[in-house]
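The block underneath contains the structure these notes are about, expressed in structure tokens.
Number of protein chains: 4
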Amino acid sequence: MTLIPPTRLKPRKNPVQARAKATVDAIFEATAQVLLSEGLARLTTNHVATRAGVSIGTLYQYFPGKEALLYALVEQLLDQVACQIEEACAAAERPTLDDCAALFVETYFAAKTGDPEKARALYLASSHLEMSALVSRTIVRLQDAAAQMLRRCPEVRAAPPDEVVTCWVAVVTGGTRQILEDTNSAMLLPGFHIELTRLSSAYLRSAFSSGPKRSDG
Amino acid sequence: MTLIPPTRLKPRKNPVQARAKATVDAIFEATAQVLLSEGLARLTTNHVATRAGVSIGTLYQYFPGKEALLYALVEQLLDQVACQIEEACAAAERPTLDDCAALFVETYFAAKTGDPEKARALYLASSHLEMSALVSRTIVRLQDAAAQMLRRCPEVRAAPPDEVVTCWVAVVTGGTRQILEDTNSAMLLPGFHIELTRLSSAYLRSAFSSGPKRSDG
Amino acid sequence: MTLIPPTRLKPRKNPVQARAKATVDAIFEATAQVLLSEGLARLTTNHVATRAGVSIGTLYQYFPGKEALLYALVEQLLDQVACQIEEACAAAERPTLDDCAALFVETYFAAKTGDPEKARALYLASSHLEMSALVSRTIVRLQDAAAQMLRRCPEVRAAPPDEVVTCWVAVVTGGTRQILEDTNSAMLLPGFHIELTRLSSAYLRSAFSSGPKRSDG
Amino acid sequence: MTLIPPTRLKPRKNPVQARAKATVDAIFEATAQVLLSEGLARLTTNHVATRAGVSIGTLYQYFPGKEALLYALVEQLLDQVACQIEEACAAAERPTLDDCAALFVETYFAAKTGDPEKARALYLASSHLEMSALVSRTIVRLQDAAAQMLRRCPEVRAAPPDEVVTCWVAVVTGGTRQILEDTNSAMLLPGFHIELTRLSSAYLRSAFSSGPKRSDG
DNA sequence: CATGAATGAGCATTCATTCAT
DNA sequence: AATGAATGAATGCTCATTCAT
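Chains as they are written, first to last, in our numbering: chain A, 140 to 356; chain B, 140 to 356; chain C, 140 to 356; chain D, 140 to 356.
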């Protein structure tokens, strides 16, 4: 994450003492907790400070405002997902297309559904306009990871076209979000996982398998 | 849309005089405008009333509160999309799988990208918990429309499995959302449209075709 | 009731047509109903008009404002009580002191406890500063009625002293109010009635019975 | 006063710093002042805050709302009266009936008429439904104090009947209220005091003395 | 006369943020 | 560094009252 966030979103100071580090961690953790337990609307700085066990004054010593808290939280959560994907993709040395499909879907799913409530909270928080650059950047990381994995795939001879990678990543991440956000379809998660893998395989094969397939698209 | 929303989300009274009708329309339109121009956080009842050119009291004569305003807006926008999809799907009499894929994606895309800003506003508004039932219901309508179209498809012999329809609809709607919300990928819309159609074709064929039916695609 | 209320408390026009009379009565009755069922805080002009089955505009044709409604209501209710007392006292031709005590307490009690809820509502409404003159005037009527009855009493040789009449009336009306307003002592009403009569007898005898009693007070 | 008020009527937090204590006192005092000078209808939280010289936010740091302010005020004022009565009654060791009458009336009168305007404000505030339990409880305290004093009275052989105590207390408190609330009879206070004492003596004697014990009064 | 749509001042309350201690 | 009391702009909402139809 080498983003350069607007000044007012950057933490005010980097804690140097151990005590200060602990304080920042507590505030940070409390932000996540409150977001999960109360929702975005009830996420107030005073509430976060109380939950963190520090005074509101202390909170403002480290974060210039409410947005900065959210920014840091979203940044961390998105980074976790991106790192997991990047690691998993990098670990696949000579994957088949089906391997690629299964690996990507599997890893993304695990990252998101391991704590579905956290995922929903993240979706909520990232709706803020301020976060869109952060989300954008994460998507690029996922696309890059996927593209490099595909390039190492024997079935894919050239660099995978951007449109294909973009579409695939959008469909996996967006589809998963759709399912996670719809409380009514929470039961369908396992089935969706299977179908999303099949869908990915089918799409990647149609895009990359032998023959001049892309010319008829 | 035959939902029965909680009382506090229903409009307070139906205007009887012509003047009142115009007022309600103005308020309604202003809600959409403010949501688009200011975002959900800046959507205040006073702001909406001002934009609508009426007093705050007048707004509360027709809507019991801010949530009701949003509810009505989301209801209308979702209903528009669902109706377009339902009509388009119903009009396809003996579609091929590729027809199904193209038709659904095409219609959904047209509905969403005809006014992309409105679509983004809708995404924003619908992240409110109160709206989730509304969104859920709309998804069901899309799934039903898709399922019935597939059933009329000669290549599909039985009723299409729920998981397939759920996955397909989630992937199309969620993927589109992902692209629309990411300001960086706004340029990629046409390419995404093509790929999403290809993806849909590939997935539907893999789900429904028993053999290498690609020759009739 | 020959009070001269402030202009803004007087009804705006005296209805001459029969329809208008019915309208005024309906508004008036609705005011009482709303006060009883909703309390003073929820007594709104719009609510009253709706309950009366007329438009808010019509209400304002007859009453210059909310206060005027309350004023008229309180006036009527107080007048009813005063009239009952006046009639009962005037009907006693040669009462004993015990007759006086029993008659006054009995009549006041009957007037107030016949509809205890109405009485409580009246107490509420009359807390308004604007109503104090009205209450004052009613008290004077009760005092006059009591004084004239006592003067016709053979045991009372001179005109009853003002302090005695004032105290007696205050104690009967105030004591009754205390009991009626205390929801916990609602059960004690019959017992209180008996005691209040005994108290009145004892007080009047101590004030008026033969012997130079007042000189030692 | 060991009542357990509903949460929303209890103060929000106990001030720990000296500055905070002063703030709470100022708010509290301002509430009384505004109630006295403006009446219940004009008692607004903003008005109170302004009068107290603090911001509206500060007020809400200590009181959860307008009702809590009133509740605290009424509680304090009623408690003062009850404590004075309890002390005075407890101090009478072997009182005659006339002593009882004089003591109770004297003490109650002193408590109420020491600051007649405050007393009127209290009557206003206590007409709120929420306060009725508080008033009820105070009345019980007065009744208990009076009953225990009477029991120590040589002329009263058994425990005084509830009806008598209830009636007496109601008549003293209610009669006093009647006089205090009637601006026209404000001049009569001293005369009323004398008469109320005479009335109390006469009632207590009629209730407790077996014969004509007037000779020892 | 009656209607009811429209008004807007006013109120209760929240919460991000500052600053003296 | 940490505290927490204080701030006050901003928000959702009510309701007495007016006036064009």
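Using N, Cα and C, we set each Cβ at its ideal position, and we do this for glycine too.
Worksheet item: Counting pairs of beta carbons, one from the stretch 255 to 262 of chain D and one from the stretch 331 to 338 of chain D, are three or more of them closer than 8 Å?
Response: Output reads no: the stretch 331 to 338 of chain D does not touch the stretch 255 to 262 of chain D.
Fill in: Whole-number beta carbon distance between C:THR246 and C:ILE224, since they are thought to touch under 8 Å
The pair is a contact, with the Cβ atoms about 6 Å apart (cut-off 8 Å).
Worksheet item: Residue range of the alpha helix (DSSP H) that A:SER345 falls in?
Response: Segment 328 to 347, the alpha helix (DSSP H) holding A:SER345.
Practice prompt. Return the CA-CA distance between B:GLU226 and A:GLN200, expressed in angstroms with no decimal places.
Written response: The alpha-carbon of B:GLU226 is positioned some 57 Å away from that of A:GLN200.
Worksheet entry | Contact set between B:SER345 and chain A, taken where Cβ atoms lie within less than 7 Å | Within chain A, the residues near B:SER345 are ARG337, ALA341.
Item to complete: Specify, as a first and last residue, the run of the alpha helix (DSSP H) that A:HIS186 falls within.
Response: A:HIS186: member of the alpha helix (DSSP H) spanning 184 to 191, first to last residue.
Worksheet item: In its own chain, which residues sit with a C-beta less than 6 Å from the C-beta of B:ALA284, not counting the 5 before and 5 after it?
Response: Around B:ALA284, the same chain offers ILE224, GLU225, CYS228 as residues with beta carbons nearer than 6 Å, after the five sequence neighbours per side are excluded.
Discussion item. To test your reading of the DSSP string, which unbroken alpha helix (DSSP H) runs of 4 or more residues are found completely within the stretch 183 to 270 of chain C?
Written reply: Taking only runs of at least 4 residues, the alpha helix (DSSP H) segments lying wholly in the stretch 183 to 270 of chain C are 184 to 191, 195 to 201, 205 to 230, 236 to 252, 255 to 264.
Fill in: Nearest residue (CA-CA) to D:LEU327, options C:GLN219, C:ASP301, C:LEU319
Comparing Cα positions, the closest option is C:ASP301.
Practice prompt. Name the two residues that bound the continuous alpha helix (DSSP H) containing C:LYS160.
Written response: Residues 157 to 177.
Item to complete: Determine, using beta carbons only, whether B:GLU334 comes closer than 9 Å to chain A.
Response: Yes, because at least one Cβ of chain A sits closer than 9 Å to the Cβ of B:GLU334.
Discussion item. Could you give the first and the last residue of the continuous alpha helix (DSSP H) run that contains A:VAL295?
Written reply: A:VAL295 -> no alpha helix (DSSP H), and no H or E assigned at all.
Worksheet item: Is the beta carbon of D:ALA240 sitting closer than 9 Å to the one on C:SER345?
Response: Contact flag unset, no.
Item to complete: Compare the C-beta of B:GLY350 against all C-beta atoms of chain A and say whether one is closer than 9 Å.
Response: Its pLDDT being 47, under 50, B:GLY350 is placed unreliably by the model, and nothing is read from it.
Worksheet item: Of the choices D:SER275, D:MET288, D:PRO329, whose alpha-carbon is the least far from that of C:THR322?
Response: It is D:SER275.
Practice prompt. Measure the C-alpha to C-alpha separation of C:ASP254 and D:GLN287 and round it to an integer number of angstroms.
Written response: Counting only the Cα atoms, D:GLN287 lies some 35 Å from C:ASP254.
Worksheet entry | Extent of the continuous alpha helix (DSSP H) run through A:ALA309 | Residues 301 to 320.
Discussion item. Output needed for C:ILE166: all residues of its chain with C-beta closer than 6 Å, excluding positions within five of it in sequence on either side, in chain order.
Written reply: ALA191, LEU198, listed in sequence order.
Discussion item. Residues in the same chain with beta-carbon distance under 6 Å from A:VAL304, minus the five sequence neighbours each way, listed in chain order, please.
Written reply: When the five nearest sequence neighbours on each side are left out, the beta carbons in the same chain lying within less than 6 Å of the beta carbon of A:VAL304 are those of GLN282, ALA285, ALA286, in order along the chain.
Worksheet item: In chain C, which residues lie with their C-beta within 8 Å of the C-beta of D:LEU263?
Response: Ordered by position in chain C, the residues that pass the 8 Å Cβ test against D:LEU263 are SER266.
Discussion item. Checking 9 Å against the spacing of the C-beta atoms, do D:PHE248 and D:THR315 come in under that value?
Written reply: Yes. Within cutoff.
Worksheet entry | Pair within 9 Å by beta-carbon distance, B:LEU148 and B:ALA264 | Taking 9 Å as the Cβ cut-off, B:LEU148 and B:ALA264 do not qualify as a contacting pair.
Item to complete: Determine which residues of the stretch 303 to 317 of chain B have a Cβ less than 9 Å from any Cβ of chain A, and write them out in chain order.
Response: Contact residues of the stretch 303 to 317 of chain B toward chain A are VAL303, THR305, CYS306, TRP307, VAL308, ALA309, VAL310, VAL311, THR312, GLY313, GLY314, THR315, ARG316, GLN317 (C-beta to C-beta distance below 9 Å).
Practice prompt. Could you have a look at D:ARG151 and say whether DSSP puts it in helix, strand or coil?
Written response: D:ARG151: coil per DSSP, three-state reduction.
Worksheet item: Which of the three DSSP states, helix, strand or coil, is assigned to B:ALA180?
Response: Reduced to three states, the DSSP call for B:ALA180 is helix.
Worksheet item: If you draw a straight line from the alpha carbon of B:ARG291 to that of B:ARG233, how long is it in whole angstroms?
Response: Counting only the Cα atoms, B:ARG233 lies some 6 Å from B:ARG291.
Discussion item. Assuming contact is defined by CB atoms lying nearer than 9 Å, are B:GLN317 and A:ILE278 in contact in what I supplied?
Written reply: In this structure, A:ILE278 lies closer than 9 Å to B:GLN317 by Cβ.
Discussion item. Just to confirm, is the Cβ distance from C:LEU289 to C:LEU343 under 9 Å?
Written reply: Yes, Cβ-Cβ distance for C:LEU289 and C:LEU343 is below 9 Å.
Worksheet item: Are the C-beta atoms of B:ASP237 and some chain A residue less than 9 Å apart?
Response: When Cβ-Cβ separations below 9 Å define contact, B:ASP237 makes no contact with chain A.
Worksheet item: Would you report the Cα separation of C:VAL220 and D:SER348, rounded to the nearest angstrom?
Response: Each residue's alpha carbon lies about 35 Å from the other.
Worksheet item: Between the Cα of C:ASP164 and the Cα atoms of C:ALA180, C:PHE202, C:ARG181, C:GLY178, which residue gives the shortest distance?
Response: Of the listed residues, the one whose Cα sits closest to C:ASP164 is C:PHE202.
Practice prompt. For C:GLY196, count neighbouring Cβ atoms within 10 angstroms of its own Cβ and tell me buried if that reaches 16, exposed if not.
Written response: Exposed: under 16 other Cβ atoms inside 10 Å.
Fill in: Pick from C:MET270, C:VAL295, C:GLN156, C:CYS306 that is closest to C:LEU216, judged by C-alpha positions
Of the listed residues, the one whose Cα sits closest to C:LEU216 is C:MET270.
Item to complete: Taking B:ASP237 and B:ALA231 to be in contact with their CB atoms under 8 Å, please state how far apart those CB atoms are, rounded to whole angstroms.
Response: For a cut-off of 8 Å, the C-beta gap from B:ASP237 to B:ALA231 is around 11 Å, too long to register as a contact.
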